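In what follows, a single structure is set out as structure tokens and then discussed.
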Amino acid sequence: MKRFLLVSICLAIVTSLVMAGGGNDSSQAQKNTPSAAATAGPAAGSIMSTGPHGEQASAASDLSLSADELAKIKAGNYKVAISFHYAGNDWSTAQLQGLKDQFAKMGINVISTTDAGFRPEKQISDIENALTLKPDAIVSIPVDVVSSEAAFKQASRQGIKIVFMDNCPDNMTAGVDYTSVVSADNYGNGVAAAEVMGDALGGKGKIAMVFHDANFFVTNQRDNAFRRTIKEKYPNIQIVEEIGFDDENKGAELGDALLVKHPDLNGIYATWDIPAEGVVSAIRAAGRNNVIVSTIDLGDNVAKIIAEGGIIKGLGAQRPYDQGVAEATLIGYALIGKVAPAYVALPALKVTHSNVLEAYKDIYHKDAPADIKNAYK
Numbered sequence: 002m003k004r005f006l007l008v009s010i011c012l013a014i015v016t017s018l019v020m021a022g023g024g025n026d027s028s029q030a031q032k033n034t035p036s037a038a039a040t041a042g043p044a045a046g047s048i049m050s051t052g053p054h055g056e057q058a059s060a061a062s063d064l065s066l067s068a069d070e071l072a073k074i075k076a077g078n079y080k081v082a083i084s085f086h087y088a089g090n091d092w093s094t095a096q097l098q099g100l101k102d103q104f105a106k107m108g109i110n111v112i113s114t115t116d117a118g119f120r121p122e123k124q125i126s127d128i129e130n131a132l133t134l135k136p137d138a139i140v141s142i143p144v145d146v147v148s149s150e151a152a153f154k155q156a157s158r159q160g161i162k163i164v165f166m167d168n169c170p171d172n173m174t175a176g177v178d179y180t181s182v183v184s185a186d187n188y189g190n191g192v193a194a195a196e197v198m199g200d201a202l203g204g205k206g207k208i209a210m211v212f213h214d215a216n217f218f219v220t221n222q223r224d225n226a227f228r229r230t231i232k233e234k235y236p237n238i239q240i241v242e243e244i245g246f247d248d249e250n251k252g253a254e255l256g257d258a259l260l261v262k263h264p265d266l267n268g269i270y271a272t273w274d275i276p277a278e279g280v281v282s283a284i285r286a287a288g289r290n291n292v293i294v295s296t297i298d299l300g301d302n303v304a305k306i307i308a309e310g311g312i313i314k315g316l317g318a319q320r321p322y323d324q325g326v327a328e329a330t331l332i333g334y335a336l337i338g339k340v341a342p343a344y345v346a347l348p349a350l351k352v353t354h355s356n357v358l359e360a361y362k363d364i365y366h367k368d369a370p371a372d373i374k375n376a377y378k
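All you need for the numbering used here is the position in the sequence shown, starting with 1, plus 1.
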């Protein structure tokens, strides 16, 4: 871990860049930002996000395949490759399970599953290797929207059907180069995370943001939603610092620096659960347990912290299993030539201590593990 002094200096530089418009891609942010009315909060079942090209969302619950369509898909003996940006976390594991379960129902064989470790060059190699297996379809979440374009376009030119998770390479067109993009309502989840923070602080205090510093439209949406909701709904809460990361494992390092620089800090938002866990460890190490955290994604570790009434007071949750089912279903659409919506999303879910056990079951389609149940107070 870097020395506190060095990190604090870096923080000051980064903050000046953020306040000047650095960090999040401004054109991307504007294109994917809902109207001001959206800051009222995500209504149950509603979708606030727009797609990577500004598309209005279609609900995943509207997707369906008839018995005749399923029979047609099964008769094709199709093969699919799956390419993750990174795997092994709770979100990726649940999404992969949803994909596999739905593909099994459709008689589609998963011939390759790869983990790029968040490295664009590794994912390009993964896609190129997958093409040698001659899949009929690919499901993937692009690590980098610029460098991955050529590899995915090559797959498309070969007649391979593509459904994207969460992100879309540049210069690719729905219905031409790929079938659809599927994501959670990330704007709605950002609003939920802001409401958790604002309500837990009683509408006043000083907070910081640890945001994803990348042109990644779903995290841009949730970060923009959090920022905007705090400013418009909680005017007495001041965002005193925003710092970006390109490595999810830097949460503790950035948390350390923020706590040193801001001794009167009341809360920290982190854009998903892994960096949030790092922030929590920094808060605990500093003995600053009065500083609260909100985030996105109900991983097992953060679920336990919420259940025990700990530092993380709540979050906006994605629905990764159901997202995987939707992506696999859309591959079915593509393989039989059924018209598909360009952008499909699943509704946000606000999770707090009061509903964490029920939310876990809703998200993962199984009961919370015993350690989370036992931690519940």
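Just so you know, even glycine gets a beta-carbon here, dropped at the ideal spot from N, CA and C.
Predicted model only: the values in this text are computed from it and were never measured.
What's the C-alpha gap between Val-219 and Val-111?
26 angstroms
Pop quiz: Val-182 and Gly-52 are said to be a contact at Cβ under 8 angstroms. What is the actual Cβ separation, rounded to whole angstroms?
6 angstroms
With DSSP as the reference, identify every bridge partner of Tyr-270, one or two as the case may be.
Met-210 and Ser-295
Under 8 angstroms by Cβ, that's how I've got Asn-267 and Val-292 pegged, so tell me the actual separation to the nearest angstrom.
6 angstroms
For Ala-253, the nearest candidate out of Val-281, Asp-298, Asp-167 and Gln-222 (CA to CA):
Val-281
Buried or exposed: which applies to Arg-158, given that a residue is buried once 16 or more other Cβ atoms fall within 10 Å of its Cβ?
exposed
For Glu-243, tell me which candidate among Pro-236, Lys-262 and Asn-250 has the shortest Cα-Cα distance.
Lys-262
Looking at the structure shown, is Tyr-79 part of a helix, part of a strand, or coil, going by DSSP?
coil
To the nearest angstrom, report how far apart Asp-26 and Asn-216 are at their CA atoms.
Note on Asp-26: pLDDT 38, under 50, position unreliable in the model; the coordinate value appears next. For Asp-26 and Asn-216, the distance between alpha carbons rounds to 6 angstroms.
Looking at the structure shown, is Tyr-344 part of a helix, part of a strand, or coil, going by DSSP?
strand
What residues match up with Tyr-179 in a beta bridge as DSSP calls it?
Ala-175
Asn-110 by DSSP, collapsed to three states: which one?
strand
Under 8 angstroms between C-beta atoms, does Ser-126 make it to chain C?
Annotation note: the requested chain C is absent from the structure, which comprises a single protein chain.
Is Lys-162 helix, strand or coil by DSSP?
strand
With three or more beta-carbon pairs closer than 8 angstroms as the criterion, would you say the stretch 128-148 touches the stretch 360-376?
no
Alpha-carbon to alpha-carbon, Lys-207 and Asp-214:
22 angstroms
Closer than 7 angstroms by C-beta to Gln-1: which residues in its own chain qualify, once you throw out the five before and the five after it? Chain order, please.
Residue 1 is absent from the model: the chain starts at 2 and stops at 378.
On a CA-only basis, which of Ala-185, Ile-161, Lys-154 and Ala-258 is nearest Pro-170? Give me that one, please.
Lys-154
Starting from Phe-85, follow its DSSP beta bridges and name the residues at the other end.
Asp-116
What does a CB cutoff of less than 7 angstroms around Leu-299 pick up in its chain, not counting 5 residues either side in sequence?
Leu-316, Ala-318, Val-352, Ala-360, Tyr-361 and Ile-364
Just to confirm, is the Cβ distance from Val-211 to Leu-255 under 8 angstroms?
yes
To the nearest whole angstrom, what separates the beta carbons of Ile-128 and Ala-156, a pair I think is in contact under 8 angstroms?
6 angstroms
Compare the beta carbon distance of Gly-191 and Ala-226 with 8 angstroms and say whether it is the shorter of the two.
yes
Phe-246 bridges to which residues according to DSSP?
His-213
Using a 10 Å radius around the Cβ and a threshold of 16 neighbouring Cβ atoms, would you call Thr-230 buried or exposed?
buried
Compute the Euclidean distance between the alpha carbons of Ile-313 and Ile-307, then round it to the nearest angstrom.
6 angstroms
Given that a residue counts as buried once 16 or more other Cβ atoms are within 10 Å of its Cβ, and exposed if not, what is Gly-199?
buried
Give, in chain order, every unbroken run of the alpha helix (DSSP H) that is at least 4 residues long and sits entirely within the stretch 301-373.
301-308, 321-337 and 357-365
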